[in-house]
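This report refers to the structure that appears directly beneath it.
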Amino acid sequence: MGARAAPDARHPVAAESRTRSVHSPVPMPERGKHHPHRWRVWLLAALLGWAGLVGALELTAEEAAGRRLYREGIGAGETPVEACLGPAGTSLPASAVPCAGCHGRDGRGRPEGGIRPPEITWRHLTSARPAYDEASLARALGGGIDPAGERLEPAMPRFVMSWRDLANLGAYLKRLEEDRDPGLHEARLRLGTLLPSAGPLAAAGRTVGALLQAALDELNQTGGIHGRRLELVIADPGPDRASAEAALAGLVEGGDVFALLAPLAPALAERYGELLAPGGMPLVGPLPGPGGEVSRLVFAPLPGPGEQLSALAEFAAGESAPGETPALIVYPPEAARQAEALATRLRARGWQRLGLLGYGAPAPSGAKPLAADLQALFFLGSGEALVALGAALDGAGLAPRLYASAQQVAGAALRLPPAFSGRLFLAYPLLPADVTPAGAQALEALRRRAGLDEHQPALQIGAYSAALLLAEGLKRTGRDASRERLVSELENLHALQTGVTPPLGFGPGRRVGAAGAHIVGVDLAAGRFVPTGRYVEAAP
1 MGARAAPDAR HPVAAESRTR SVHSPVPMPE RGKHHPHRWR VWLLAALLGW AGLVGALELT
61 AEEAAGRRLY REGIGAGETP VEACLGPAGT SLPASAVPCA GCHGRDGRGR PEGGIRPPEI
121 TWRHLTSARP AYDEASLARA LGGGIDPAGE RLEPAMPRFV MSWRDLANLG AYLKRLEEDR
181 DPGLHEARLR LGTLLPSAGP LAAAGRTVGA LLQAALDELN QTGGIHGRRL ELVIADPGPD
241 RASAEAALAG LVEGGDVFAL LAPLAPALAE RYGELLAPGG MPLVGPLPGP GGEVSRLVFA
301 PLPGPGEQLS ALAEFAAGES APGETPALIV YPPEAARQAE ALATRLRARG WQRLGLLGYG
361 APAPSGAKPL AADLQALFFL GSGEALVALG AALDGAGLAP RLYASAQQVA GAALRLPPAF
421 SGRLFLAYPL LPADVTPAGA QALEALRRRA GLDEHQPALQ IGAYSAALLL AEGLKRTGRD
481 ASRERLVSEL ENLHALQTGV TPPLGFGPGR RVGAAGAHIV GVDLAAGRFV PTGRYVEAAP
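Numbering of the sequence shown is given in the UniProt record's numbering, commencing with residue 1 and proceeding in unit increments.
Structure follows, in structure tokens:
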């Protein structure tokens, strides 16, 4: 954060620069000149009641270069900016001690190692007595002397940079207070979600919305997170992918939203990462699960069907000899990518006699060719389609082991022909044993606050665990929050105990908190589900 007071071979100053005072490295507007357009922008910002318009802050090239220098310690020229530390002036690259590392991305200073770095927003610097200007800023940064002639704290580095870098940094400091991620305000933090208000998922949308609002209200009653109240912004994804994409774009581009929480928009299940990447908006808790998508921005507490089937593949490999077992993956057109991903996992586990069979009708037809020695079948699709397939297999005198996601088929599993009793295995992301007494009590209290009953418990737990996960990430991120820091903190979160799920943990390349499934058998004669006692981690 600074410059030496005079140019040398390391600090070239162009001839044009020499015609100006070295105490004014940052170009200033002409005094008395009227700027009606800029005045209108400032007036609009004031009327909106916050520093900066909704949306991304527009920076000039100089301000953007200054931001990089402030945040990363990297200047605009080829020669690296240096930082001199301590009485001996030990030299380090400024990238090792960037301004934001101590003063925070918002410039307000954060205690570290017993030292409280001061606030360095331009408003604060220019309101001090004596006040900073461009010249005194240069002396402070390059020589460690404040406007009153006093030495700065020894912990403050002295920086060596060009006049160009100094001008860029000064330009950015004047915009620093405005430069926050959308949705992040002094006293509030805005979270967005997508919840349908009409159609077959309307009731689920109301349930998720009520639960999320109750969870945020509970946090706000205790002061929010780091002094910020949490606000929920709900957009309706509409009936199809196009409307869902438009609703998401509205939140990302103009909704003043920091992060996305537990959206219920199945049409976007495999597109969230792509759509959120340009703005770097994190998503915590997509409902349903991630659906095979891998994105550094998307964090799912619980596994989706793809991860559940991967766990089933691991389980099945231990139950038979994969190299000798004829197996088939049956899937509808919309699950083709999941089927291919599952086939890749199965082949990696040694399944050599593996086929894929897609079906285009609402249910598989008995006319489809089925191998007479078929022993294992992995099913993707609806419960009704599974029942129809079971009837076709039974009619052909076949009873292979069936593997499916409970999330997709559990409601219809008990209607399969008796021949499949003990031969059907379902993957469950949760079982009642995962819920601790304290977790059950907390969830019940939240239900009462939201006016909900126990209908759709898995959906409620999914939304609740997403809210807990995001809250934990925000707490770890600290007051000096940013989207990038939230992603980093979530990625480094391990063994989070929610009380309603298995322990949640993430890491580089891992974006499903509980990346496994409970394996449950089905006793068709008794009409009941029989846990095997196995919790199987999904293959990476």
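Just so you know, even glycine gets a beta-carbon here, dropped at the ideal spot from N, CA and C.
Take residue 50 and list the residues in its own chain whose beta-carbon comes closer than 7 Å to its own, dropping the five residues that flank it on each side.
Caution is warranted here: a pLDDT of 32 is assigned to residue 50, below 50, making its placement in the model unreliable, and no coordinate value can be reported.
For residue 340, count the other beta carbons within 10 Å of its own beta carbon; 16 or more makes it buried, fewer makes it exposed. Which is it?
exposed
Go ahead and label residue 538 buried or exposed: buried means 16 or more other beta carbons lie within 10 angstroms of its beta carbon, across all protein chains shown.
buried
Whose C-beta lies closer than 8 Å to the C-beta of residue 219 among residues of the same chain, with five residues either side of it excluded?
225, 230 and 471
Where residue 531 falls: helix, strand or coil (DSSP):
strand
Going by DSSP, what residue range makes up the beta strand (DSSP E) through residue 378?
376-379
Apart from the five residues on each side of it in sequence, which residues of its chain come closer than 6 Å, Cβ to Cβ, to residue 214?
446, 449 and 450
Are there three or more Cβ pairs, one per stretch, closer than 8 Å when the region 157-177 is compared with the region 233-249?
no
Are three or more beta carbon pairs between the region 299-316 and the region 199-216 nearer than 8 Å?
no
Hey, which unbroken runs of the alpha helix (DSSP H) at 4 residues or more fall wholly within the region 212-248?
none
Determine the closest residue to residue 402 out of 453, 508, 147 and 427, with distance taken between C-alpha atoms.
427
How many Å lie between residue 284 and residue 383 at the Cα?
28 Å
Could you check whether residue 166 and residue 232 sit closer than 9 Å to each other, using their CB atoms as the reference points?
no
Going by CA-CA distance only, name the one from 497, 421 and 504 that's closest to residue 491.
504
Have a look at residue 534 and residue 315 and give me their C-alpha separation to the nearest angstrom.
9 Å
Output the boundary residues of the alpha helix (DSSP H) element that contains residue 103.
99-103
Which ranges would you report for the beta strand (DSSP E) in the region 270-300 if only whole runs of at least 3 residues count?
none
Using a 10 Å radius around the Cβ and a threshold of 16 neighbouring Cβ atoms, would you call residue 536 buried or exposed?
buried
Tell me the rounded alpha-carbon separation between residue 378 and residue 397.
18 Å
How big is the Cα-Cα spacing for residue 61 and residue 327?
59 Å
Pick from 319, 459 and 269 that is closest to residue 337, judged by C-alpha positions
269
Would a C-beta distance cut-off of 9 Å place residue 342 and residue 297 closer than the cut-off?
no
Could you give the C-beta distance for residue 278 and residue 299, rounded to a whole number, given that I count them as a contact under 8 Å?
About 18 Å separates the two Cβ atoms, so there is no contact after all.
What are the complete alpha helix (DSSP H) segments, minimum 4 residues, inside the UniProt domain "Cytochrome c" (61-177)?
61-72, 99-103, 122-127, 134-143 and 163-173
Return helix, strand or coil for residue 344, following the three-state DSSP convention.
helix
Whole alpha helix (DSSP H) runs in the region 454-487 with 4 or more residues, listed along the chain?
457-477
Pick from 260, 469 and 333 that is closest to residue 497, judged by C-alpha positions
469
Inspect the beta-carbon positions of residue 442 and residue 500 and report whether they are closer than 9 Å.
yes
Our contact map puts residue 374 next to residue 522 with C-beta atoms below 8 Å; I'd like the distance itself, whole angstroms only.
Not a contact, Cβ separation roughly 19 Å.
For residue 389 and residue 532, the rounded distance between their alpha carbons
24 Å
Using DSSP with H/G/I as helix, E/B as strand and the rest coil, what is residue 310?
helix
Using DSSP with H/G/I as helix, E/B as strand and the rest coil, what is residue 384?
helix
Leaving out five residues on either side along the sequence, give the residues of the same chain with a beta carbon under 6 Å from the beta carbon of residue 256.
54, 182, 183 and 190
How many angstroms separate the CA atom of residue 530 from the CA atom of residue 416?
15 Å
Mapping DSSP to helix, strand and coil, what is residue 192?
strand
Where residue 206 sits in the DSSP three-state scheme:
helix
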